[in-house]
Each structure stands twice: as structure tokens, then as C-alpha cells.
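Trainee: Got a structure for you, questions after.
In the UniProt record's numbering, the protein residues as written are 1 to 1042.
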């Protein structure tokens, strides 16, 4: 009700919770509030239920739309009310001015004038128009307010002639100035809202120009720090507003699309067909925020400068025009930090615009500001960063200025390492400076090197300057005379230094020169001899081929010589050296270093000759003799093949003039001493000394192969460092080696290596070193097996006496006889001579068994076998073996027999090469015994006669500890008459023998089949087990069809 009485429009929103929805009184309370407040239910009174909370943003948007018209009407009424009040104001010119009385001298106590009321009403109307979002109307009212406010500052207003303006620096004057700045900012911001950037810029320029003129009139203009402080703030705030606008989507216009000759409210877009534009005025084009931050930083620097001038003048003049409180506040301000902050913000904006040149310029200004603030380390970092770009892009004029700044920073900061580097670069002829200036720079450099003393320095300070990274006053080039060379061959190189005609202005004498190679053995270290030599002409050649190798402290073993290392302007020095490569590969001259060594310094100027150079010049070589080899009076450069610098040379081994021939009869046989006759032909024009190495390689891991010079020598798989002696020029040497291949057939590779050197210059080091010339040859050998051996082993029957029963309980010894047949096939492609075949018995692992050879078929032959076996020949050898089993209870299933050894050699061989007999051994398979409790042997009487009865006796032995029941069935054929039972059975006691006899009467003569007796063990009553095998003496174990 109170708000209604005051004419204030408002709306109410009630947000309900879940518990409110369950209460019955909620609806009645809402109705009561609505009636009491007198609000319109549709447009001014809103109830928000919990179900609508999720759509709260949309709900608020709808409320905004519903209240929008009410808000516009509200502020429109306010604007009309203020406008009516303004219209009732009297004319400013009709109102006289009352001077302040003595009781109220201050302007603060004076009542507000008509101009002040006009400013007040215009500001209110502008604010209400802005609330109504009528931006054009707001701009008009703000502009009117601004104009009236400016009139208040004038000493004599155009509206009230003769009335003095606001007194300077008093409270109302300060408030009016701040208000003018705020209104200016409002006008600029609103012009950006309506997308009128040119109008915003016009307002800014108008504001700056107006107060510039006003401040100069009041005596606080460009000569005071106050003015520059105010101006810096204007551009900084404008830059902040513009930066916020761009982040919110405001687009800064392209200068090429702006017509600078039209006077409309918006200068942004024009036709592309305009032909009267002759240029762009930067003051009429809106730039990005970085431009205005840069202006703010610039004017802040002017502020600091004017303040420092004021402080100096205060020391001479006691009368202060500026209040002490303002001076004290300014004195406590860190101007440099503020300037760096503004420059940094400008740098970031220009970096976004990808304007590389401007960012470098701003970085240089940041560095200068750091220098002025005494922060030399930070200034040096910025200068070094800038210098890299200008050095790379060859902006030498700008770079010279940066180097001078950097030099000052380094001196102030005490980093004399950098001081030397900057002096060296300033000596470059790329910088256009006077002769006197160059002389001063060189003298200052020499003073630093030789006269300056370093604090807290016991040993000389080591400084390394990369001459490739700066503008050097010396050019360094390297050339090898040839593209490639051989090991042990003298190789020449030249290092060329040249200086331009203008620098160094004075002779510059270095103390050492170093050549650094990728192989430190070839490093050179040249000392200055301290002598001033008279040089005829601008070209000097220095011979370094006569250097001596010595140890130098800090350098190791190097090639040393003393020579003149002074450098004059416009001269060229050529250092020629000699290398004798020791190994294959790339021999590279990596660094060339000139330097000074003094009491305080060790300074190295390194030229990285490995780095890429932009210029590609013709290869040149300084030649001192003519085509006939005579020395010339004036050396000159001659062109070599190719372009560019060659600081690296390829070193290869000299092509060996040696021939290796191999004579042998392939394929080789396993286990033989396979002879290979090697013929080595020396095709060199000098006698050579040769060292021989042979290696045998295969894919077999456990290889037992051997390479020997003599088959009586010890085992080895390689022959190493075999001295072949001297081979005369164009002569030859024959050498025979023997290859013994064992176990596995297949391919082997014979690797032959011969190192040789000339007898006139035999190296001290033994091969393999690069001083020796190398010749290699690989021979692929195929090995095949000479024999294929198969074995068969059979159990033999044994003879027994006529006793029917033999009791063996008293002894557990058992004797078995076996027949071993070895079938030997000659499968090689060559005829071979076999001298002996032996069975070598092995010791038994089980002490309860003994096996020996009773007889063999080789005993029937002569003592010297010496048989010739051709390819495909087959030879059988038989051995009768007797196996004694002392205790069958501890007998193993398998019994070792031994090795079959064959003594042989190849019949065909290389002429004049004797091959010895060798041996091939083959493991005989183990004797596999069958587990049996019974053995049955039949005795057949010799030469039975038709019509005479004879007896077949079966010897059955029970080797077990329990009696065994035997079931016998006799099968008779037509050739015999059988006497006795055809089926019977008997029992054999444990460890005893039973003799079973069968009487036969032959009816037919010839080779006929005997009656067959089948014997089987009775396991259980009524069940017959497996049939028992029966063997006969002199025969192998029979099969079913025997």
C-alpha cells in the first residue's frame, strides 16, 4: 500500500515448497495476500509451484516479457517528469553570478548553479532512456549533459559570460572531472551497443582534445605529470571496455571498409566502389584494444618522465604549485610496473592479431622499461628474445640498437660473458657505423678481456660463443680436397678465414686455434707465436702438415704448432692440414675454434662447420704449385668439382689386390678330413706380408666341426692369426686346410679372411686394424653322411645236456644269447676304402649284468680288411652276444651294448694331398629284454632218418619263485607219426627246469615241418593263458608262420 501511494510499480513472485502444497490454508493465504496488495493477478502477482522449478529460466524470461511494458511506462513517466522540471529552469544568461563571500570563500559551499541543474536533469533523462533501452536517446541526453558539464570548467562560460569556472583541484572540480570521464565512457559504450564504432571513437577523441585544451589553459597540461596520468587512464579504460566488448561478440571494423570522408553517425560500412579514398587516417579508425593499451603505456611513461622532472625542480625551487599530498601519492606509485602491465596487455592483444613486428616492438619497449626500472636481468631476457628474430631476418639496423641496449644491461648486471658476445657481434660489418665507433668497440672488448678483473674467480672463466648464432666479423669455410679417401692414405684439408674490408679496425690477435674432428686423434691445436709477420698481399697460406703430436693440458693429445694467429681487415688466411685415416667411416671436421686465454678468461669463438649454410658456393682450393709441380710465387684459388663445403670425407678400405682360389672335391663326407687347397695370388706391385684367418660357421648349436692345418693338430673350430709369411709381388702361395664335419649333415660356410700390408710399411699393431688391407672370401660346403647303418637284435636258443631236470634254485644267474646284425650301406657319392669294423662294448651301468662278444663275422676275414666300397655297396656284419644276468631281480629292461666303429677314408683325393683314415662311430641300440617267468628251448636231433624214431626235447625253465602249471597241445601233420598224448599238462617247480619229450616217426624224406607243440601257462583252473614262445639253438625266435 505504501508503494502504491508513492506511485511505485512492482510485481510479487511467491515460490511454494512441497509442504505448502499439502496445507489446506495455502490457497486462502495466497488469495488474502493478492487482495491486500491490490496487484493484478495476470501481470503483477505470480505463484511458482515446485513443479515449475526445473523450468525456472524460462519462467523468469516469461516474467520479464510480462513486466517489460510496465517497466518502459514507468521510466517513460519518470523521464517526462524530469523533462518538465528542466523546462522550468531559467536561462543561464539571465541569472547573475554571485561572488563567494568572505564568510564562504570556498566554492564547495556555493549553491548549485543553473548549469549544474541542467547537467543534473540531462543525466537523469539519459539514465532513464538507457533503462528504457532507447540507446540513441540516451546518447543524445548524455552528450548534452557532457557539453553542459564542460562549460562549467571554462574560466568564462559561453552561457554565462564573465562567470568564473570551477576552481582547480578543489572537491567540486575533481568530482566534475570524474563525472565527465564517466559520461564520456558511457557515450562510447552506448555507441558500441548500437554498433557505431566510429561514433565511439569520435567521442573519445573529442573528450581527449577538449580536456587537453582545457588543462593547458588551466596550467596543468602536457608539462605536468597530472595530465599524462589522466590521459593514460582514459586510453586504458577505453581499451578495457573495448576488450570486454570483443569478448561479448563485438566486431572491430576492417579499416579498408571505412569511408573517412563521410560525416554520418556511423562510419563503419561503405561501398567498395568508392574511388576518392586516398589513405586511412588512424585517428578515425577503431583499433583493437592492444592499440589503446599501448597508448596508455606510452603516456604512463611520459607521466613518469614529467614527475621525475618535477622532483628535480623541487630541489631548486621551494614554491610548490602542486599540493604535497598529490606529489607524495605519485612518489609512492611504481610507474614502471604499471607501464609493463599495460605493455604486456597490449602485447597479448597484438599477438592475437598475429602482428609479429608489433609484438617484437612491444617486447623491446617492455625491455626498455625494465632497464629504466633497474631490473636488468629481466630486460636482458627480453632483448635476447627479440634479437634472435631480428638476427634471423637480417634487420641489422634494429638489431644494432638492441645489441647496444643488451650491452648496457649486461654491464649493469655484471654478466661480462654476454658483454664479450655483444662486443664481438657489434664488430660485424653488417652494422653501419663509423670507423671511430668500431675502434672504440674493439678497444673496449680488449679491455674486458685483458684488463678487467673478475671477483671471486680463482681460475679463468670459460666462455663459449657460437659464431653461427650471431653476425660474425669472420667467415670460416672448410674443404677437403677429395670426396673420399682410403685407410692409410694421406688426406688434405683446408680451413679458410676471411675478414671483410671494414672490420676489425685494429689487428686482432687470437691466442689459439683448434680443429675438432669426430675422431679426437686428429684434433689440431695451434698456438700464436706472438710475432708480427709481414704478409705480401691479402692472402696468407699456413702449412700445418708438419705438426707434432703432443699432450696439452685440457686438450689431451693433439697436433701442435705455433703460428701467427692475428686477423687483419680484408685478409684471408688458409690453414692446410694433413690426415692419415686409420679406419673406415666418416671423418668429419666438426668445430673450428678461435680463442683467447688470459689470466681471467678462456674465450672460445666456435664455428660449427657442420651446420647448414644458406649460400652454396663453388668448391675452391688454394694451390701453391702449377701443373708441373713447381712452386708459384703467388698462390691462387682453383675450382674443385662440386658445390658447397665438404667438411666430411668418406674413408673406405683400399681395394685389395689379392685373389683367393679354392680347390676341393665336393660334397664333403661327415667325419672325414676334407682337404681344401687354397691358392693366394698377390697382384700388388710390392711384396706383402699376409695374416690368415679361417672360420667355419653353421646353423648347428652344438657343433663339433674343426678346421685344421694338420690333421694331427688339436681341435679348433677357427684358425686365427696364421702367419702366411711374405708373398712376393705378382707371386702366389698354396696352403692346404682340412675341414672335419661331425654329427650332422648339411651346409657349412667357410669364411676366409686375409689381412696384408706392404713389406715396406708393416704396421706395429696386429690385425684386425685398419692399417691392414683386408680380403674376404666365403665358401659354401655341403656335408653328406658316408654310411647308413641299421641294426637288428634276436634272442638265440642255447644248447643243453641230456639231463631231464636241472635244479637252478641254488643260483639266480641266467645266461642269454643274442644275435646282432649290422647292415652298413655306403650312401655317399664317392668310393671309400674301409680298413676295419669294430664293435666297442660299453661298460654296464648295472653291475648285475655282463655282456660280451662271443664271435663275429669279421673274425673270419683277414686281419687287413681294406675293402673298396662303391656308392650303394651294402655290407653285413654279425656279432654273437652273451648276456650274463647275475641277479634277475635287479635287472633293467634295457641293456647297453656299445658303438660300431668304422675305419675308412675316401679313395679319390686332391693330387699331392694325403688324406688320413678316419672313423665313423654309430651307437648300437640298447638290448630290450622282455619280462617272462618262463623260457622254452627245443633240441632237435641232427639228421633224422625216415623210418627211424627220434625224440624232440623241450627244456622249460621256471625263473619265478612259484610253481607254474603248463598245458601242452601237440599238432601232428601227415609227414610224421606221433607217439603219446596229444594234450597233457605238467607242473614246473620254482627256479627249476622240466624236460618235455615228444617221440616222432618220420614218414616222408625232405624238408618238412615238425610236429608243433603249443605250450601255455594255466593261470586259473579251467583257463589257459598266453602261449609260451619256443626257440631253437642257432635260430632266431620263431613267429607263428615259421
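Backbone N, C-alpha and C fix where the C-beta goes; we use that ideal spot for every residue, glycine too.
On the premise that residue 569 lies in contact with residue 498, defined as a C-beta separation below 8 Å, what is that separation, rounded to the nearest angstrom?
Mentor: For the purposes of this step, residue 498 is taken as the residue at position 498 of the chain shown. For the purposes of this step, residue 569 is taken as the residue at position 569 of the chain shown. Residue 498 to residue 569, Cβ: 11 Å. No contact.
Trainee: Counting along the chain, where does the beta strand (DSSP E) carrying residue 841 start and finish?
Mentor: By 1-based counting over the chain shown, the position of residue 841 is 841. 832-841 is the span of the beta strand (DSSP E), which, as asked, contains residue 841.
Trainee: Could you tell me which residues DSSP pairs with residue 540 in its beta bridges?
Mentor: Taking the chain shown and counting its residues from 1, the one referred to as residue 540 is at position 540. The partner list for residue 540 (beta bridge, DSSP) reads 573.
Trainee: Going by Cα to Cα distance, which pick from 384, 130, 353 and 355 is closest to residue 366?
Mentor: The residue you call residue 366 lines up with position 366 of the chain shown. When each option's Cα is compared against that of residue 366, the closest is 384.
Trainee: Looking at the structure shown, is residue 584 part of a helix, part of a strand, or coil, going by DSSP?
Mentor: Taking the chain shown and counting its residues from 1, the one referred to as residue 584 is at position 584. If DSSP states are grouped into helix, strand and coil, residue 584 belongs with coil.
Trainee: The beta strand (DSSP E) with residue 721 in it runs from where to where?
Mentor: Reading the chain shown from its first residue, position 721 is the one you call residue 721. Residues 718-727.
Trainee: Answer yes or no: do residue 423 and residue 436 have a C-beta to C-beta separation smaller than 9 Å?
Mentor: Indexing the chain shown from 1 puts residue 423 at position 423. Indexing the chain shown from 1 puts residue 436 at position 436. No, the pair does not count as a contact, with Cβ atoms beyond the cut-off.
Trainee: Which residue comes first and which comes last in the alpha helix (DSSP H) that contains residue 186?
Mentor: Counting from one through the chain shown, the residue named residue 186 turns up at place 186. Where residue 186 is concerned, the enclosing alpha helix (DSSP H) stretches over 171-193.
Trainee: Could you tell me the boundaries of the beta strand (DSSP E) in which residue 1048 lies?
Mentor: The structure shown does not extend to residue 1048, since the chain is modelled only from 1 through 1042, so no value can be given for it.
Trainee: What is the rounded straight-line gap between the Cα of residue 6 and the Cα of residue 171?
Mentor: As a first step, residue 6 is located in the chain shown; it is residue number 6 there, counting from the start. As a first step, residue 171 is located in the chain shown; it is residue number 171 there, counting from the start. Cα to Cα, residue 6 sits roughly 35 Å from residue 171.
Trainee: Output yes or no for whether 9 Å exceeds the beta carbon distance between residue 867 and residue 833.
Mentor: If you number the chain shown from 1, residue 867 lands on position 867. If you number the chain shown from 1, residue 833 lands on position 833. Taking 9 Å as the Cβ cut-off, residue 867 and residue 833 qualify as a contacting pair.
Trainee: Out of curiosity, what's the CA-to-CA distance linking residue 150 and residue 139?
Mentor: The residue given as residue 150 occupies position 150 in the chain shown. The residue given as residue 139 occupies position 139 in the chain shown. Distance between residue 150 and residue 139, taken at the CA atoms: about 16 Å.
Trainee: Please name the residue in 379, 510 and 360 whose C-alpha comes closest to that of residue 1043.
Mentor: Because the chain here runs from 1 to 1042, residue 1043 falls outside it and cannot be looked at.
Trainee: Whole angstroms is fine: what's the gap from residue 515's alpha carbon to residue 471's?
Mentor: Taking the chain shown and counting its residues from 1, the one referred to as residue 515 is at position 515. Taking the chain shown and counting its residues from 1, the one referred to as residue 471 is at position 471. Going by the C-alpha atoms only, they are around 21 Å apart.
Trainee: Start and end of the alpha helix (DSSP H) containing residue 325?
Mentor: By one-based count along the chain shown, residue 325 stands at place 325. Following the DSSP letters along the chain, one finds residue 325 inside the alpha helix (DSSP H) bounded by residues 324-331.
Trainee: Helix, strand or coil for residue 564 per DSSP?
Mentor: Reading the chain shown from its first residue, position 564 is the one you call residue 564. Residue 564 falls in the coil class under three-state DSSP.
Trainee: Is the distance from the Cβ of residue 688 to the Cβ of residue 681 below 9 Å?
Mentor: Residue 688 sits at position 688 when you count from the first residue of the chain shown. Residue 681 sits at position 681 when you count from the first residue of the chain shown. Against a cut-off of 9 Å, the Cβ pair of residue 681 and residue 688 comes out as no contact.
Trainee: Using the three-state DSSP reduction, which class does residue 805 fall into: helix, strand or coil?
Mentor: The count along the chain shown starts at 1 and reaches residue 805 at position 805. Per-residue confidence for residue 805 stands at a pLDDT of 40, beneath the threshold of 50, marking its modelled position as unreliable; no derived number is given.
Trainee: How big is the Cα-Cα spacing for residue 782 and residue 677?
Mentor: The residue you call residue 782 lines up with position 782 of the chain shown. The residue you call residue 677 lines up with position 677 of the chain shown. Rounded to whole angstroms, residue 782 to residue 677 spans 16 Å at the Cα level.
Trainee: Put residue 476 into one of helix, strand or coil per three-state DSSP.
Mentor: The residue labelled residue 476 in the question sits at position 476 within the chain shown. In the structure shown, residue 476 adopts extended strand secondary structure according to DSSP, grouped into three states.
Trainee: From the DSSP output, in three-state form, read off residue 243 for me.
Mentor: Looking up residue 243 in the chain shown gives position 243. Residue state, collapsed to three classes: helix.
Trainee: For residue 607, tell me which candidate among 960, 464, 787 and 299 has the shortest Cα-Cα distance.
Mentor: Locating residue 607 in the chain shown gives position 607, counting from the first residue. Among 960, 464, 787 and 299, the Cα nearest to that of residue 607 belongs to 464.
Trainee: Going by the CB atoms, is the gap between residue 699 and residue 743 shorter than 9 Å?
Mentor: In the chain shown, the residue the question calls residue 743 occupies position 743. In the chain shown, the residue the question calls residue 699 occupies position 699. Against a cut-off of 9 Å, the Cβ pair of residue 699 and residue 743 comes out as no contact.
Trainee: Can you tell me whether residue 390 is buried or exposed? The criterion is at least 16 other CB atoms within 10 Å of its CB, across all chains shown.
Mentor: Position 390 of the chain shown holds residue 390. Buried.
Trainee: Could you give the distance in angstroms between the alpha-carbon of residue 333 and the alpha-carbon of residue 141?
Mentor: Against the chain shown, residue 333 aligns to sequence position 333. Against the chain shown, residue 141 aligns to sequence position 141. Residue 333 and residue 141 have their C-alpha atoms spaced approximately 37 Å apart.
Trainee: Over what stretch of residues does the alpha helix (DSSP H) that includes residue 393 continue unbroken?
Mentor: As a working mapping, residue 393 is identified with position 393 in the chain shown. Taken as a continuous stretch (DSSP letters only), residue 393 belongs to no alpha helix (DSSP H), as it is neither H nor E.
Trainee: Which same chain residues, not among the five before or five after residue 883, have their C-beta less than 6 Å away from its C-beta?
Mentor: Your numbering for residue 883 matches position 883 in the chain shown. Excluding residues within five positions, the ones whose Cβ falls inside 6 Å are 816 and 851.
Trainee: So, at 7 Å on beta carbons, what are the nonlocal neighbours of residue 131 in its own chain, with the 5 sequence-adjacent residues on each side left out?
Mentor: The residue labelled residue 131 in the question sits at position 131 within the chain shown. Same-chain partners within the cutoff: 75.
Trainee: Roughly how many whole angstroms lie between the Cα atoms of residue 1000 and residue 1021?
Mentor: If you number the chain shown from 1, residue 1000 lands on position 1000. If you number the chain shown from 1, residue 1021 lands on position 1021. One C-alpha to the other measures close to 31 Å.
Trainee: Just to confirm, are residue 837 and residue 875 a CB contact at a threshold of 9 Å?
Mentor: Residue numbering aside, residue 837 sits at position 837 when the chain shown is read from its first letter. Residue numbering aside, residue 875 sits at position 875 when the chain shown is read from its first letter. In contact: residue 837 and residue 875 (Cβ atoms closer than 9 Å).
Trainee: CB-CB under 6 Å to residue 573, same chain, minus the five flanking residues each way: which ones, in chain order?
Mentor: Taking the first residue of the chain shown as position 1, residue 573 is located at position 573. So the qualifying residues of the chain are 497 and 540.
Trainee: Can you give me the Cβ contacts of residue 80 inside the same chain, cut-off strictly under 7 Å, excluding the 5 residues immediately before and after it?
Mentor: Taking the chain shown and counting its residues from 1, the one referred to as residue 80 is at position 80. Same-chain partners within the cutoff: there are none.
Trainee: Quick one: is residue 207 buried, meaning 16 or more other Cβ sit within 10 Å of its Cβ, or exposed?
Mentor: Along the chain shown, one-based indexing puts residue 207 at 207. Burial of residue 207 is indicated by the presence of at least 16 other C-beta atoms within 10 angstroms of its C-beta.
Trainee: Measuring alpha carbon to alpha carbon, tell me which residue in 416, 431 and 412 is nearest residue 399.
Mentor: As a first step, residue 399 is located in the chain shown; it is residue number 399 there, counting from the start. Of the candidates 416, 431 and 412, the one whose C-alpha sits nearest the C-alpha of residue 399 is 431.
Trainee: Tell me whether residue 248 sits in a helix, a strand or coil according to DSSP, three-state version.
Mentor: Residue numbering aside, residue 248 sits at position 248 when the chain shown is read from its first letter. Of the three classes helix, strand and coil, the one that applies to residue 248 here is coil, per DSSP.
Trainee: Here's the rule: buried if 16 or more other CB atoms are within 10 angstroms of the residue's CB, otherwise exposed. What is residue 679?
Mentor: The count along the chain shown starts at 1 and reaches residue 679 at position 679. It counts as exposed.
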